[in-house]
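Here the sequence shown is numbered in the numbering used here, starting from 23 and rising by one per residue. Beta carbons: idealized from backbone N, C-alpha and C, even for Gly. Here is the structure we will look at.
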Amino acid sequence: MTLIQKINCFAIGLPITIAALAVFEVGMLSFALLSTVITGFLQVSIALVLFINHYRNRHLQAYLLLCILFFSLWFTMDWGWIWAMPPSLALYMTVILHYIVTEKPQ
23 MTLIQKINCF
33 AIGLPITIAA
43 LAVFEVGMLS
53 FALLSTVITG
63 FLQVSIALVL
73 FINHYRNRHL
83 QAYLLLCILF
93 FSLWFTMDWG
103 WIWAMPPSLA
113 LYMTVILHYI
123 VTEKPQ
């Protein structure tokens, strides 16, 4: 597992771990929601770093365009169904990292 994959696993696991602590303290759910900001920041940062090296990768291009779409919709529309985009983007970035960009050439 590469360092980028480990950082991504940490980013995905952080909100889940904090939310699991809500069993002991319900207020931890607020911290879990706030930690999703860290997840988004780490994943967008990883995507930008990978994009520098793999700028022709269609999946990275699509991910970055979807991120731009998310933030433009966030500032221009009410929330409606936009809440489904961040988990979808996190899953898509994880798939890109684990199966597309970091696979070894044959």
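Which residues in the same chain as residue i place their Cβ atom closer than 8 angstroms to its Cβ, once the five residues preceding and following it in sequence are excluded?
{"i": "residue 45", "result": "none"}
{"i": "residue 50", "result": "40, 41, 43, 44"}
Quick check: residue i and residue j, are their CB atoms within less than 8 angstroms of each other?
{"i": "residue 77", "j": "residue 115", "result": "no"}
{"i": "residue 88", "j": "residue 111", "result": "yes"}
{"i": "residue 30", "j": "residue 83", "result": "no"}
Check whether chain D comes within 8 angstroms of residue i, counting only Cβ atoms and requiring the distance to be less than that.
{"i": "residue 51", "result": "In the structure shown, chain D does not exist; there is a single protein chain."}
Given residue i, which residues of its chain have a CB within under 7 angstroms of its CB, disregarding the five upstream and five downstream residues?
{"i": "residue 81", "result": "118, 122"}
{"i": "residue 120", "result": "27"}
{"i": "residue 128", "result": "Note that residue 128 has pLDDT 44, beneath the 50 cutoff, so the model's placement of it is unreliable and no number is given."}
{"i": "residue 62", "result": "108"}
How would you call residue i, buried or exposed, if buried means at least 16 neighbouring beta carbons within 10 angstroms?
{"i": "residue 37", "result": "buried"}
{"i": "residue 72", "result": "buried"}
{"i": "residue 69", "result": "buried"}
Near residue i, which residues of its chain fall below 6 angstroms by C-beta distance, leaving aside the five closest residues on each side in sequence?
{"i": "residue 54", "result": "37, 40, 41"}
{"i": "residue 92", "result": "107"}
Check the C-beta distance from residue i over to residue j and give it rounded, since I have them as a contact under 8 angstroms.
{"i": "residue 104", "j": "residue 96", "result": "6 angstroms"}
{"i": "residue 33", "j": "residue 60", "result": "7 angstroms"}
| request: Let me know the alpha helix (DSSP H) ranges lying completely inside the stretch 23 to 93, each 4 residues or longer, listed in chain order. | output: When DSSP assignments are scanned along the stretch 23 to 93, the uninterrupted stretches of alpha helix (DSSP H) that are 4 or more residues long and fall wholly within it turn out to be 25 to 42, 50 to 75.
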